[in-house]
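Heads up: the sequence shown runs through residues 7 to 275, numbered per the numbering used here.
We put the beta carbon where it would ideally sit given N, CA and C, even for glycine.
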Amino acid sequence: MNRLNELPAGTPAPGRITLVGAGPGDPDLLTLKAVKAIRAASVILVDDLVGEGVMAHARPEARVTYVGKRGGCKSTPQATIEQLMLEAVRAGENVVRLKGGDPFIFGRGGEEVESLRRAGIEPEVVNGVTAGLAGITTLGAPLTHRERAQGVVFVTGHPQKDGPGVDWARLGQAVQDLRLTLVIYMGISSATRIQAGLLAALPPETPVAVIERATCPEQRQCLTSLGALLDDLKTSGLGSPAIMVVGDVVKGVRAALQEAGAAAHEVLA
Ligand code: SAH
Numbered sequence: 007m008n009r010l011n012e013l014p015a016g017t018p019a020p021g022r023i024t025l026v027g028a029g030p031g032d033p034d035l036l037t038l039k040a041v042k043a044i045r046a047a048s049v050i051l052v053d054d055l056v057g058e059g060v061m062a063h064a065r066p067e068a069r070v071t072y073v074g075k076r077g078g079c080k081s082t083p084q085a086t087i088e089q090l091m092l093e094a095v096r097a098g099e100n101v102v103r104l105k106g107g108d109p110f111i112f113g114r115g116g117e118e119v120e121s122l123r124r125a126g127i128e129p130e131v132v133n134g135v136t137a138g139l140a141g142i143t144t145l146g147a148p149l150t151h152r153e154r155a156q157g158v159v160f161v162t163g164h165p166q167k168d169g170p171g172v173d174w175a176r177l178g179q180a181v182q183d184l185r186l187t188l189v190i191y192m193g194i195s196s197a198t199r200i201q202a203g204l205l206a207a208l209p210p211e212t213p214v215a216v217i218e219r220a221t222c223p224e225q226r227q228c229l230t231s232l233g234a235l236l237d238d239l240k241t242s243g244l245g246s247p248a249i250m251v252v253g254d255v256v257k258g259v260r261a262a263l264q265e266a267g268a269a270a271h272e273v274l275a
């Protein structure tokens, strides 16, 4: 384990904490390191969007707390989660903080690590497969392609606290000028704003894929275009959690699905 900071003198023997990426849902996408950490944990704090199969690796006697806001539970305030982590580590527990996808991609992992460091605790972080990577992969197409995209932008559709929000028109222009793929997290509820902004820079026929619950048994997806995005979201009924992928790489999806002999009903719109 890497411990960058020594604990202040006089601190009681602490436990340890690992922020673990649980991947997008399919438990087979867990890393071996994640499985080892989950198996060893005495306390597990579980976020939203952690696949059910992932928890099968936990010891039966592990104390498991669900702190996510979906599934009928009320969301636990971030400060409370950070407090729970601190208390457990200080009580000598082996704590795993389990987060959907990758802990450091839109998962507040950064905030949690900073808060632990302020308390003199250096957590370990185990990467997970982020939903933005897994989404289009399940449809058989890549995020970069020598002829279609020379880079990828992971961006949140959720307006940032106290921030100006994403300038979608500028981002669209960059996608156009630099031949990038746009991977939008948390974009469903802002789809109107995203579509309008991107259309200022990108043609309406720009291909878009929306993938709901990627890698989970209930995964659904919609292949559409920027111009038809809102209408197709409505008719398909796709909702959160979903990843939107915008750009020419999405052209590879239809071909891949056809080659794989995918039934028409598997691809909405
Ligand atoms: N840390 C996570 C992202 C957390 S933000 C990761 O690396 O994947 C939550 C957003 O992630 C959701 O609103 C959705 O946009 C996306 N997301 C998470 N899991 C998903 C899944 N299985 N399928 C599609 N999108 C998902």
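The Cβ neighbour count for Leu184, taken over all protein chains shown within 10 Å, is under 16; the residue is labelled exposed. In the displayed model, Glu130 falls within a strand according to three-state DSSP. A contact is defined here as three or more CB-CB pairs under 8 Å, and the region 142 to 151 fails this definition with respect to the region 66 to 75.
If you look at Arg69, you'll find it in the beta strand (DSSP E) that goes 69 to 72. In the DSSP annotation of this structure, the continuous segment of the beta strand (DSSP E) that includes Val159 starts and ends at 157 to 162.
Between ligand 1 and Arg152, a heavy atom-to-CB distance of less than 8 Å is absent. The region 217 to 233 makes no contact with the region 114 to 121: fewer than 3 CB pairs, one atom from each, lie closer than 8 Å. Secondary-structure assignment with DSSP links Val216 through a beta bridge to Cys228, Met250. Of the candidates Gly138, Met91, Ile190, the residue whose Cα lies closest to the Cα of Val70 is Met91. Put simply, the backbone Cα of Ile44 is about 46 Å away from that of Ala206. For Leu55, the CB falls within less than 8 Å of some heavy atom of ligand 1. Take Thr136, set aside five residues on each side of it, and the residues of its chain with a beta-carbon closer than 7 Å to its own are Gly107, Asp108, Ile111, in chain order. In the structure shown, the three-state DSSP call for Ile50 is strand.
Pairing Tyr191 with Ala40, the inter-Cα distance amounts to about 23 Å. In this chain, the alpha helix (DSSP H) harbouring Arg124 covers 115 to 124. With a cutoff of 8 Å, Arg199 does not count as near ligand 1, since its C-beta is closer than that to no heavy atom of the ligand.
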